[in-house]
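In what follows, a structure is listed as structure tokens, so that the remarks can point back to it.
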Amino acid sequence: MLLPQEIIRRKRDGHTLDAADITAFINAMSSGSITEGQVAAFAMAIFFNGMKRDEAVALTLAMRDSGDILDWSDLPGPAVDKHSTGGVGDNVSLILAPIVAACGAYVPMISGRGLGHTGGTLDKMDSIPGYRSQPDNALFRKVVHEVGCAIIGQTANLAPADKRFYSIRDVTATVESIPLITASILSKKLSAGLNALVLDVKSGNGAFMTRNRDAVSLAESIVAVAAGAGLTTTAVLTDMNEPLALAAGNAVEVRNAVDFLTGDRRDTRLEAVTLALAAEMLVSAKLAPNHKAATDKASEALSSGKAAEIFGRMVAGLGGPTDFISRTRHHLAVAPITHEVKAAQAGYVAAVDTRAIGVAVVTLGGGRIRPQDPIDHAVGITALQPIGARMEEGEPIALVHARTDADAAAAVKVIQAAYGFSERKPRTIAPVLRRVGP
């Protein structure tokens with residue numbers, strides 16, 4: 001077995017690493033017997049030289065095996081999950097998990113917090129009073145068994161090697177490496193004991209992968225490595241050149257999700273992406289013979305009210321209010337200040353700087369600048385006008401919910417600058433771009 005510095009040297013010089021050497025390096029990283037400098041050098045070597053599929057599979061499995069692996073074999077149906085690469089106004093998970101559960105699958109959804117300008121599912125769920133986003137394993141299993149889904153955060157014992165590796169990558173400019181992103185995502189999902197996984201890989205100015213070709217490369221890498229690791233995985237490429245929901249924040253996105261589930265309001269692009277992912281999950285779980293049948297099944301779960309009922313039961317089962325669906329607005333925090341963002345000119349909305357919208361939420365207090373920063377769940381942005389909307393000068397293009405007038409005024413400026421207008425109605429990009437997988 002090679003010394004850590006020899007493993008680094010081999011990868012630095014462009015050689016293919018043996019699975020045993022990769023496993024030894026990850027084990028040494030987990031035990032603390034190698035330095036952060038050595039981990040950083042290893043990450044940088046991979047960043048510049050990449051990894052073959054078998055190397056990425058070995059890295060993924062080694063990180064998975066650094067902690068606990070959940071077992072859902074006692075469930076009466078398949079365990080499936082979805083992972084998103086992150087976006088703005090992306091509250092899909094809150095809607096998708098109960099839809100798929102209503103169709104007969106079980107969704108033990110382990111989610112993350114906000115990263116950079118993108119919102120985190122866990123931060124959204126934490127805006128619900130009493131909701132336990134970090135339950136013990138017994139409660140997690142109980143809710144999944146009894147309700148069909150549970151949205152929680154990663155526990156300390158699931159893929160702990162990934163946590164250390166990521167924290168070092170984050171400060172050494174090695175985050176944007178496809179094999180390292182692949183291993184990071186899949187190590188956590190493999191440790192969750194799933195039967196099938198569907199990826200929502202986003203592309204556009206509000207995504208981490210701004211170029212479509214990079215998003216395709218990432219999707220193909222994850223699907224291939226997951227197959228090598230024994231997990232049935234497909235990917236759906238979706239557009240993030242404008243916010244997905246017409247709300248961005250935490251409590252405001254939860255309200256938007258409940259409105260979607262109950263049928264009070266369903267944003268068009270959000271519905272298209274949610275149903276595409278639901279269909280993919282149901283086909284992967286062998287609960288529908290094809291995507292048409294799966295989409296019909298998911299639509300019925302929505303229209304019948306069963307998905308909304310399951311979301312309410314999940315919230316109650318994890319400590320939230322028992323009447324959350326019927327009294328959503330009563331339970332969620334509301335920011336004290338609201339300011340309209342007015343269109344600077346007349347015309348059609350032709351472009352939205354989606355990343356700027358996400359940054360505006362962060363500066364309002366709805367996201368983190370440092371990992372230890374608290375979240376203000378009440379703040380955010382609603383009534384975001386989509387690309388193609390016809391606006392008159394001075395008409396509101398969004399509504400800012402803020403803690404102070406100064407915060408609101410600053411956000412208004414950012415959002416106004418994020419919107420571009422044209423005299424002609426622009427061509428809109430389809431929300432669902434393509435599928436990647438077997």
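Read in order, the letters of the sequence shown are residues 1 to 438 in the UniProt record's numbering.
No residue lacks a Cβ here, since even glycine has one placed at the ideal position from N, Cα and C.
Check                                                                                                                                                                             : Outcome
When you compare only the Cα positions, how much space is there between A58 and A19?                                                                                              : 5 Å
Just grab the DSSP bridge partners of H339 for me.                                                                                                                                : V400
For F421, report the span of its beta strand (DSSP E) as first-last.                                                                                                              : Y419 to S422
Could you give the DSSP three-state label for R132: helix, strand or coil?                                                                                                        : coil
On the CB-based measure, 16 or more other CB atoms within 10 Å of its CB, does E253 come out buried or exposed?                                                                   : buried
If you pair each beta-carbon of the region 207-223 with each one of the region 36-50, do three or more pairs fall below 8 Å?                                                      : no
Would you tell me roughly how many angstroms separate the C-alpha atoms of K163 and F324, rounded to the nearest one?                                                             : 33 Å
What are the complete beta strand (DSSP E) segments, minimum 3 residues, inside the region 57-103?                                                                                : 80-84
Using the rule of at least 16 other Cβ atoms within 10 Å of the residue's Cβ for burial, across every protein chain shown, is D373 buried or exposed?                             : exposed
Could you please give me the residues that DSSP links to V216 through a beta bridge?                                                                                              : Partner(s): none; V216 has no beta bridge.
Within 10 angstroms of the Cβ of A192, are there 16 or more other Cβ atoms? Answer buried if so, exposed if not.                                                                  : buried
Take the Cβ of H377 as the centre, count every other Cβ of all protein chains shown within 10 Å, and call the residue buried at 16 or more, exposed below.                        : buried
Buried or exposed: which applies to N157, given that a residue is buried once 16 or more other Cβ atoms fall within 10 Å of its Cβ?                                               : exposed
Which of helix, strand or coil does DSSP assign to I369?                                                                                                                          : coil
What ranges does the alpha helix (DSSP H) occupy inside the region 256-329, keeping only unbroken runs of at least 4 residues that lie completely in it?                          : 268-284, 291-303 and 306-317
Around the C-beta of D21, are 16 or more other C-beta atoms found within 10 angstroms, so that it is buried, or is it exposed?                                                    : buried
Cβ of S66 within 8 Å of Cβ of A159?                                                                                                                                               : yes
Count the other CB atoms within 10 Å of the CB of S187; is the residue buried (16 or more) or exposed (fewer)?                                                                    : buried
Roughly how many whole angstroms lie between the Cα atoms of T295 and V283?                                                                                                       : 10 Å
Kindly list the residues whose CB is nearer than 8 Å to the CB of L399, restricted to its own chain and excluding five residues on each side of it in sequence; keep chain order. : T338, H339, E340, V341, I381, T382 and A383
Terminal residues of the continuous alpha helix (DSSP H) containing E147?                                                                                                         : In the sequence as presented, Glu is not what sits at residue 147; that position holds Val. Segment N137 to V147, the alpha helix (DSSP H) holding V147.
Rounded to whole angstroms, what's the CA-CA distance from S177 to G50? Just pull it up for me.                                                                                   : 8 Å
Roughly how many angstroms lie between the CA atoms of I151 and P135, to the nearest whole one?                                                                                   : 10 Å
Would you tell me roughly how many angstroms separate the C-alpha atoms of E55 and G104, rounded to the nearest one?                                                              : 36 Å
Considering only residues of the same chain and omitting the five flanking positions on each side of A276, which have a CB-CB separation below 6 Å?                               : V236 and V432
Terminal residues of the continuous alpha helix (DSSP H) containing G358?                                                                                                         : T354 to V361
Which two residues bound the contiguous beta strand (DSSP E) that contains V436?                                                                                                  : V432 to V436
In its own chain, which residues sit with a C-beta less than 8 Å from the C-beta of V92, not counting the 5 before and 5 after it?                                                : K82, S84, D200, L244, L270, V273, T274 and L277
Quick check: the Cα distance between A215 and S326, rounded to an integer number of angstroms?                                                                                    : 39 Å
How is L199 classed by DSSP in three states: helix, strand or coil?                                                                                                               : strand
Nearest-angstrom Cα distance between A409 and E395?                                                                                                                               : 17 Å
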